[in-house]
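Engineer: Sequential numbering from 9 applies to the sequence shown in the numbering used here. Each residue gets a CB set at the ideal place from its N, CA and C atoms; glycine is no exception. Nothing here was measured: the structure is a model prediction, and the numbers come from that model.
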Amino acid sequence: MNELKQTYLDYAASTPVDEVVIDAMMPYFREDFGNSSSIHYFGQRADAAIEKSRMNLADLVGCEADEIIFTSGGTESDNLALRATAYAEKKKRNAKVVLISPVEHHAVAKTAEDLEKNFGFTVKIIPVDTKGKVDLPKLVKLINQDVAIVSVIYGNNEIGTINPVREIGAICHEYGIPFHSDAVQAGGYLPIHFQMDNLDMLSLGGHKFYGPKGVGALIVKKSHKIRAIQTGGAHEFGLRAGTQNTPYIVGMVKAYEITRSKMDFFNKKYKMQIEWLFDSLTKTIKGCRLTGDELSNRLPNHLSMVFDDVDGNQLITVLSQKGFACSSGSACKTGSPKASGVLLAIGIPERLALGSLRITVGRQTTDEDLEAFLIALQDSVMICRGK
Ligand SMILES: *Cc1c(COP(=O)(O)O)cnc(C)c1O
């Protein structure tokens with residue numbers, strides 16, 4: 009077991025923390041550990057670090073510093089965006105419809121479901137095409153003054169599809185409806201710009217771009233008023249109570265700085281690796297096809313496929329025994345034999361959707377890793393097909 013080399017090909021589930029990021033975080037566990045709300049020296053050191061991080065992130069993502077709310081991660085950012093907007097818009101103008109796509113992460117989909125089941129909202133689904141992209145004319149048909157919020161995923165974690173966020177935002181603004189996008193997956197790969205992308209709210213999460221887990225940000229346009237859902241102290245402009253996690257905030261923003269500065273370089277590498285893998289795979293393994301958008305249009309490090317006559321969970325297990333870590337969809341679905349709702353929503357038949365595989369490469373992935381992976385995958389598919 010210890011002898012077997014382990015190769016990680018699941019960078020969409022999480023990424024290792026960059027060494028530079030770890031170094032940047034350390035002082036805030038040790039000497040600069042103070043509570044950022046305290047008036048004394050120790051508090052001021054922590055506060056200064058948080059505010060510097062806030063300004064740096066604002067510069068990189070194209071928003072104002074005081075539009076950034078630091079949270080405990082992507083999931084919390086999505087919850088805050090949906091709940092805080094839904095409650096505020098219902099109170100303000102009795103808007104009760106939550107419009108989302110059918111390919112949202114659970115952090116959005118389950119939150120919308122809870123708003124419907126327990127808080128008197130109605131969820132409506134904006135249809136997507138077979139690639140998982142929101143259909144703009146259908147959005148226009150669904151949007152009206154009853155809509156409290158529109159939320160559409162920026163870059164899909166399961167199928168790599170990138171949504172036309174600017175166009176969606178422009179439609180929402182025409183109707184004056186708040187628009188949120190979950191960019192937790194896209195954040196590591198696309199040069200997101202809050203203002204130019206026509207966003208009112210944007211979710212980011214540190215551990216998808218070589219930062220720590222348990223920290224994220226929700227960016228909220230100043231003109232868009234939300235109601236806090238976590239109450240307590242006046243932290244984060246009164247919109248998210250709780251002592252800020254100084255080291256994690258510093259780490260996340262440092263990780264994002266590195267990500268943006270090396271984005272073009274790594275995206276080029278990822279694209280080449282994914283293209284090679286896809287070509288080799290489709291040439292040597294029968295009965296498989298791509299899910300989501302074409303390679304040229306999707307998240308550059310992302311390959312998602314379905315295989316005929318293969319149980320996706322078994323495939324992951326066999327690959328894992330051979331020392332390769334991939335996913336059969338989103339990480340949250342381990343052990344569940346249900347077909348992914350995202351794959352069903354883009355029209356993949358259930359039988360095929362049960363044979364899905366997601367391979368996501370990262371900074372540490374080498375060409376040799378992928379050559380070895382290809383052989384392991386060929387064997388594993390044969391094993392799963394009982395041949
Ligand atoms: C990972 C992910 C989340 C959840 O973020 P956490 O920081 O893990 O809570 C939400 N949405 C998308 C698209 C993701 O990829």
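On the three-pair Cβ rule with 8 Å, is the stretch 106 to 117 touching the stretch 187 to 207?
Structural biologist: Because the criterion of three Cβ pairs below 8 Å is met, the stretch 106 to 117 and the stretch 187 to 207 touch.
Engineer: Can you list, in chain order, the residues of its chain whose CB lies under 7 Å from that of A92, leaving out five sequence neighbours each side?
Structural biologist: As a working mapping, residue 92 is identified with position 84 in the sequence shown. Closer than 7 Å at Cβ, skipping near neighbours: I234, R235, A236 and I237.
Engineer: What residue from I185, T239 and N321 has the CA that sits closest to R393's CA?
Structural biologist: The sequence position of residue 393 within the sequence shown is 385, counting from 1. For the residues I185, T239 and N321, the minimum Cα distance to R393 belongs to N321.
Engineer: How would you label S45, buried or exposed, when you count the other beta carbons within 10 angstroms and need 16 or more for buried?
Structural biologist: For this step, residue 45 is matched to residue 37 along the sequence shown. Label assigned to S45: exposed.
Engineer: Hey, I76 and I227 are a contact pair by Cβ (cut 8 Å); roughly how many whole angstroms apart?
Structural biologist: To locate residue 76, count along the sequence shown from 1; it is residue 68. To locate residue 227, count along the sequence shown from 1; it is residue 219. With 8 Å as the limit, I76 and I227 qualify as a contact, their Cβ atoms being about 5 Å apart.
Engineer: Just to confirm, does T374 get its C-beta within under 7 Å of one of the non-hydrogen atoms of ligand 1?
Structural biologist: As a first step, residue 374 is located in the sequence shown; it is residue number 366 there, counting from the start. Outside the cutoff, so no.
Engineer: So, L147 versus I176, is the Cβ gap smaller than 8 Å?
Structural biologist: One-based indexing of the sequence shown puts residue 147 at position 139. One-based indexing of the sequence shown puts residue 176 at position 168. In contact: L147 and I176 (Cβ atoms closer than 8 Å).
Engineer: Apply the 10 Å Cβ neighbour rule to H232 and answer buried if 16 or more other Cβ atoms are within range, or exposed otherwise.
Structural biologist: Within the sequence shown, residue 232 is the residue found at index 224, counting from 1. Result: buried.
Engineer: Strictly by DSSP, which residues pair up with T79?
Structural biologist: For the purposes of this step, residue 79 is taken as the residue at position 71 of the sequence shown. G224, per the DSSP bridge assignment.
Engineer: Taking any heavy atom of ligand 1 as the mark, which residues have a C-beta closer than 5 Å to it, listed down the chain?
Structural biologist: Residues with a Cβ closer than 5 Å to any heavy atom of ligand 1, in chain order: G81, G82, T83, H113, A115, N165, D190, V192, Q193 and G213.
Engineer: Let me know the secondary structure DSSP gives K229 once reduced to three states.
Structural biologist: Working through the sequence shown from its first residue, we reach residue 229 at position 221. Looking at K229 - three-state DSSP - the assignment turns out to be coil, as it is neither helix nor strand.
Engineer: Quick check on K132: does DSSP put it in helix, strand or coil?
Structural biologist: Residue numbering aside, residue 132 sits at position 124 when the sequence shown is read from its first letter. Residue state, collapsed to three classes: strand.
Engineer: Ends of the alpha helix (DSSP H) at V350?
Structural biologist: Stepping through the sequence shown from its first residue, residue 350 is reached at position 342. Here the alpha helix (DSSP H) through V350 covers G349 to A353.
Engineer: Is the beta carbon of G222 closer than 8 Å to that of L212?
Structural biologist: Here residue 212 refers to the residue found at position 204 of the sequence shown. Here residue 222 refers to the residue found at position 214 of the sequence shown. Going by C-beta atoms, L212 is not nearer than 8 Å to G222.
Engineer: What are the residues that DSSP puts in a beta bridge with H114?
Structural biologist: Indexing the sequence shown from 1 puts residue 114 at position 106. Looking at the DSSP assignment, H114 forms no beta bridge with any residue, so it has no partner.
Engineer: Could you spell out where the alpha helix (DSSP H) holding H310 opens and where it closes?
Structural biologist: Position 302 of the sequence shown holds residue 310. Taken as a continuous stretch (DSSP letters only), H310 belongs to no alpha helix (DSSP H), being part of the beta strand (DSSP E) at H310 to F315.
Engineer: Could you give the distance in angstroms between the alpha-carbon of S328 and the alpha-carbon of T290?
Structural biologist: Within the sequence shown, numbered from 1, the residue matching residue 328 stands at position 320. Within the sequence shown, numbered from 1, the residue matching residue 290 stands at position 282. Approximately 21 Å between the Cα atoms of the pair.
Engineer: How many angstroms separate the CA atom of L107 from the CA atom of A94?
Structural biologist: For the purposes of this step, residue 107 is taken as residue 99 along the sequence shown, with counting starting at 1. For the purposes of this step, residue 94 is taken as residue 86 along the sequence shown, with counting starting at 1. Cα to Cα, L107 sits roughly 11 Å from A94.
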